[in-house]
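Residue numbers (the numbering used here), protein chains in the order written: chain P, 1 to 241; chain C, 1001 to 1307.
All C-beta atoms, glycine included, are put in the ideal place defined by N, C-alpha and C.
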Ligand SMILES: Nc1ncnc2c1ncn2[C@@H]1O[C@H](COP(=O)(O)OP(=O)(O)OP(=O)(O)O)[C@@H](O)[C@H]1O
Ligand SMILES: [Mg+2]
């Protein structure tokens, strides 16, 4: 169980971006976090993974408080995070990155199954550098693979995995998520605007203006979202009224 | 050959089990510690032990020649002249490494002057690693001077690496390219402590459709200082590209001064340069995979230098 309690985060410039987030996420379920651009979804993912340090609140993973732990410690405790904007490296190959993610040398068969999950052909990519020569969609898939490769992961956080990915591969990705949630111990969080992902979500959390606007089972929340897109699109106005 | 030389050979070339597969010449403390020619590759000493001439027969394919030079003690000042005569249509690999070891406060230096005469349509892959080892404050210097004359259609690809422990290095490379000739240089240099390294390239593309690709990667750590100067001259329809990327760690300093000269309307010359510290987001990403700060930085730098 991943429990967030009153999680706040102020950016360096002093602006309060996360304004007290509370939710609980169960393992073995797909939780989709959605909400308008700039509402704080990526900030939330960063604060969970430790890439940014929350300024207040509690983040508890299976009874372990993460809030004071740094990125490395959280990673070793099982937090895995696929960035919205993947990072490029000169001189580090796809294989290197996957092996770093997995924490050991990777066997050829495992590379193949991993790469096919993200829709890439192993032979074409495994020895390529994760540098500027990769297209946006290619690097995004490799980023996703670095999370799928994590052996010790208890929490997998994907930040807009659909972005830049073609339709064909996206179907494969949806399958990969469905596969992942069969693992009854896995806390699976996908940040997304994609209807397909919202449709298969067990739970949906809607973030707006740094707060949880609504949260609950997918089949309850999704109709509300569809019906009243404005609830999400103009959260601030609505609040002020 | 002493044990230190053997361990240096392992670091700078694929030396194992006391043997090289192919022609070789091992230079140890200014003398010859072993030499072998093959049917296609003849190695002949120059007068007075000042160096060697390496003759590679026309059309020689898939052979390797090793010419490592090692210094295993202090107070050696080695100056050597090596000339490579590569026959037409040959396709060979030359492995040249240099290691300098000192264990006291006295220094040693190796100064290798190499000239490449690469014949028509010949291809050469040249691999070179430099390393300094040992204790004490003695200065270990390696100052290579390389001149490349590439005839029509010749291709010379040089991969040079300065690994660590070299206190002082000035690398001077010049070249002249005839029609369709191609020179590709990948260099990587690591400096630490108060080491100094300077790279100076000057390449002249005189022949039509000749091409130069110069890629330099450097990491300057601690209080070390590196200078990079390249001058690419295009005197006909040709393509020149140089890329200088440097990472600074601690108080490292880098001065990069690339120069392009186009003497022909159809010369196409590009230079890219970037200097900065290890990108913060790269460290963050590797930390999210479970690496510590130090591990992440090391991994990024190792990859960068070996790219
Ligand atoms: N380091 C920072 N400094 C200042 N402001 C920041 C910083 N990081 C994020 N913000 C701001 O916080 C808000 C939330 O950003 P965040 O990236 O979390 O949004 P998001 O919900 O992920 O949006 P999107 O759907 O576009 O990805 C935005 O207004 C953004 O400009
Ligand atoms: Mg975002």
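With a cutoff of 6 Å, residue 178 of chain P does not count as near ligand 2, since its C-beta is closer than that to no heavy atom of the ligand.
A distance below 7 Å between beta-carbons, with the five flanking residues on each side excluded, links residue 1043 of chain C to the following residues of its chain, in chain order: 1023, 1025, 1035, 1037, 1052, 1054.
Identification of chain C residues near residue 92 of chain P by a Cβ-Cβ cut-off of 7 Å yields 1303, ordered along the chain.
In this structure the segment 1003 to 1010 of chain C does not touch the segment 1144 to 1161 of chain C; the number of beta carbon pairs closer than 8 Å is below three.
For residue 159 of chain P, the number of other beta carbons within 10 angstroms of its own is at least 16, and it is reported as buried. An exposed status is given to residue 116 of chain P, since fewer than 16 other beta-carbon atoms sit within 10 Å of its beta-carbon. Between residue 1281 of chain C and chain P, the shortest Cβ-Cβ separation is below 7 Å. Considered as a whole, the segment 1116 to 1180 of chain C harbours no complete run of any alpha helix (DSSP H) with no fewer than 4 residues. Beta-carbon to beta-carbon, residue 1192 of chain C and residue 1222 of chain C are separated by about 5 Å, close enough to satisfy the 8 Å threshold. In this structure, residue 93 of chain P lies near residue 129 of chain P, with their beta-carbon atoms less than 7 Å apart. Looking at P/133, P/76, P/79, P/150, the one whose alpha-carbon comes closest to that of residue 110 of chain P is P/150. No Cβ of chain P is located within less than 7 Å of the beta carbon of residue 1181 of chain C. Between ligand 2 and residue 1133 of chain C, a heavy atom-to-CB distance of less than 6 Å is absent. At least one heavy atom of ligand 2 falls within 6 Å of the beta-carbon of residue 84 of chain P. Taking 7 Å as the cut-off, the beta carbon of residue 187 of chain P is found no closer than this to the beta carbon of residue 41 of chain P.
Restricting attention to C/1056, C/1228, C/1074, the CA atom closest to the CA of residue 1105 of chain C is found in C/1074. The alpha carbon of residue 1283 of chain C has as its nearest neighbour, out of C/1268, C/1270, C/1301, C/1266, the alpha carbon of C/1301. Not one heavy atom of ligand 2 lies closer than 6 Å to the C-beta of residue 34 of chain P. Of the residues assessed, residue 1167 of chain C falls on the buried side of the cut-off, its CB having 16 or more other CB atoms within 10 angstroms.
Judged by DSSP in its simplified three-state form, residue 1286 of chain C adopts helix. Separation of residue 1220 of chain C and residue 97 of chain P (C-alpha to C-alpha, rounded to the nearest whole angstrom) is 24 Å.
Ranked by how close their Cα comes to the Cα of residue 1115 of chain C, the residues C/1096, C/1133, C/1077 have C/1096 in first place. Taking 6 Å as the cut-off, one finds at least one heavy atom of ligand 2 near enough to the beta carbon of residue 42 of chain P.
With respect to chain C, the C-beta atom of residue 155 of chain P has no partner C-beta closer than 7 Å.
What residue 64 of chain P touches in chain C, judged by beta-carbon distance under 7 Å, is nothing: the nearest beta carbon there is about 16 Å away. Non-local C-beta neighbours of residue 1229 of chain C in its own chain, meaning closer than 6 Å and more than five positions away in sequence, comprise 1200, 1257, ordered along the chain.
Shown here, residue 1268 of chain C sits in a strand according to DSSP, grouped into three states. For residue 1169 of chain C against residue 1142 of chain C, the beta-carbon gap comes to about 5 Å, under 8 Å, which counts as contact. Listed by position along chain C, the residues whose Cβ is nearer than 8 Å to that of residue 71 of chain P are 1284, 1287, 1288.
Taking 8 Å as the cut-off between beta carbons, the residues of the segment 1234 to 1268 of chain C near chain P are 1245, in sequence order. For residue 118 of chain P, the closest of P/131, P/179, P/195 by C-alpha to C-alpha distance is P/179. Burial check for residue 1210 of chain C: the Cβ neighbour count within 10 Å reaches 16 or more, so the residue is buried. Assigned with DSSP and collapsed to three states, residue 1108 of chain C falls in strand. Contact between the segment 67 to 87 of chain P and the segment 1284 to 1297 of chain C is present, with at least three C-beta pairs closer than 8 Å. Taking 7 Å as the cut-off between beta carbons, the residues of the segment 43 to 55 of chain P near chain C are 49, 51, in sequence order. In the three-state scheme derived from DSSP, where H, G and I count as helix and E and B as strand, residue 1088 of chain C is classed as coil.
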